[in-house]
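Each remark here refers to the structure printed beneath this line.
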Amino acid sequence: MKKLLATLAFCATAAAPAFAADCATTVEANDMMQFNTKSITVPKACKSFSVTLKHVGKMPKTAMGHNLVVTTAADMTAVNADGMKAGAASDFVKKDDARVIAHTKVIGGGESATIEIPVAKIATGTDYSFFCSFPGHAGIMKGSLKLGA
Numbered sequence: 162m163k164k165l166l167a168t169l170a171f172c173a174t175a176a177a178p179a180f181a182a183d184c185a186t187t188v189e190a191n192d193m194m195q196f197n198t199k200s201i202t203v204p205k206a207c208k209s210f211s212v213t214l215k216h217v218g219k220m221p222k223t224a225m226g227h228n229l230v231v232t233t234a235a236d237m238t239a240v241n242a243d244g245m246k247a248g249a250a251s252d253f254v255k256k257d258d259a260r261v262i263a264h265t266k267v268i269g270g271g272e273s274a275t276i277e278i279p280v281a282k283i284a285t286g287t288d289y290s291f292f293c294s295f296p297g298h299a300g301i302m303k304g305s306l307k308l309g310a
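For the sequence shown, this note's numbering assigns the number 162 to the initial residue and increments by one for each residue that follows.
Below, the structure is given as structure tokens:
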């Protein structure tokens, strides 16, 4: 009986991570101005959600830099325009922009950067976007972000 209980306890413990929310993802960007995904779903069970942007291209950030900016879908165009005005020194994100939920720095080929998105800032029923605010990229390099189950 003890062996049976020990086996059941072990199996329950081993299976627990399978039910835990995955609170991280990786988004790849390349030299052809593309993200490898068009949508990100953030599990409600996470307190914080980590997104790693990985530039799988070879070009330097001055020529083909990418970042990942998270805003509401309604704010995306204005945040992008203000980011272009802010320039490269600000990673094409206006300083202290309250509309920006999170953003990475601009990276070049072979580099990566990670952001933490506070899940409490993502509301059910609101449309969110992620995009690259490097000048000229947001028209192609964008996707949706939503709160999942």
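C-beta atoms are modelled at their ideal positions from N, C-alpha and C, and glycine is treated no differently. Just so we're clear, the structure is a prediction, and the values are computed from it rather than from any experiment.
Residue 307 - containing alpha helix (DSSP H), residue span: Looking up residue 307 in the sequence shown gives position 146. In the DSSP annotation of this structure, residue 307 is not part of any alpha helix (DSSP H); the continuous beta strand (DSSP E) holding it starts and ends at 303 to 308.
Residue 249, DSSP secondary structure in three states: Looking up residue 249 in the sequence shown gives position 88. Three-state result, residue 249: helix.
beta-carbon residue 229 near the ligand PLP non-hydrogen atom, thresh 7 Å: Among the components modelled here there is no ligand, and therefore nothing to report on the ligand PLP.
Pairwise C-alpha distance: residue 206 and residue 302: On the sequence shown, residue 302 is found 141 positions in, with the first residue counted as 1. On the sequence shown, residue 206 is found 45 positions in, with the first residue counted as 1. Roughly 28 Å separates the two Cα atoms.
For residue 283 and residue 193, the rounded distance between their alpha carbons: As a working mapping, residue 193 is identified with position 32 in the sequence shown. As a working mapping, residue 283 is identified with position 122 in the sequence shown. Their backbone Cα atoms lie some 30 Å apart in a straight line.
Assigned exposure category for residue 256 - 16 Cβ within 10 Å defines buried: Working through the sequence shown from its first residue, we reach residue 256 at position 95. Exposed.
Nearest candidate by alpha-carbon position, reference residue 228, set 259, 203, 250 and 209: Counting from 1 along the sequence shown, the entry for residue 228 is found at position 67. Looking at the Cα atoms, 250 is the closest of the given residues.
Bounding residues of the beta strand (DSSP E) (the contiguous stretch that carries residue 215): To locate residue 215, count along the sequence shown from 1; it is residue 54. From DSSP, the beta strand (DSSP E) with residue 215 extends over 209 to 216.
Nearest residue (CA-CA) to residue 266, options 275, 258 and 259: What you label residue 266 is simply residue 105 of the sequence shown in a count that begins at 1. Answer by Cα proximity: 275.
Inter-residue CB distance, residue 253 and residue 294 (contact presumed, cutoff 8 Å): Within the sequence shown, residue 253 is the residue found at index 92, counting from 1. Within the sequence shown, residue 294 is the residue found at index 133, counting from 1. Confirmed, Cβ separation roughly 4 Å.
Own chain residues within Cβ distance below 7 Å of residue 222, not counting five before or after: Here residue 222 refers to the residue found at position 61 of the sequence shown. For residue 222, where only same-chain residues beyond five positions count, the Cβ hits under 7 Å are 267, 268 and 269.
Local conformation of residue 240 per DSSP, three classes: As a position in the sequence shown, residue 240 is number 79, starting the count at 1. Here residue 240 sits in helix by DSSP.
Nonlocal neighbours in the same chain, by C-beta distance under 8 Å from residue 259, ignoring five residues either side: Counted from its first residue, the sequence shown places residue 259 at position 98. Closer than 8 Å at the Cβ level, and outside the excluded window around residue 259, lies no residue.
Rounded separation between residue 213 and residue 244 - CA only: Here residue 213 refers to the residue found at position 52 of the sequence shown. Here residue 244 refers to the residue found at position 83 of the sequence shown. Answer to the nearest angstrom: the Cα atoms are 20 Å apart.
Whole-Å CB distance - residue 280 paired with residue 203, under 8 Å assumed: Mapped onto the sequence shown, residue 280 falls at position 119. Mapped onto the sequence shown, residue 203 falls at position 42. Indeed, because the Cβ distance is near 6 Å, the residues count as touching under 8 Å.
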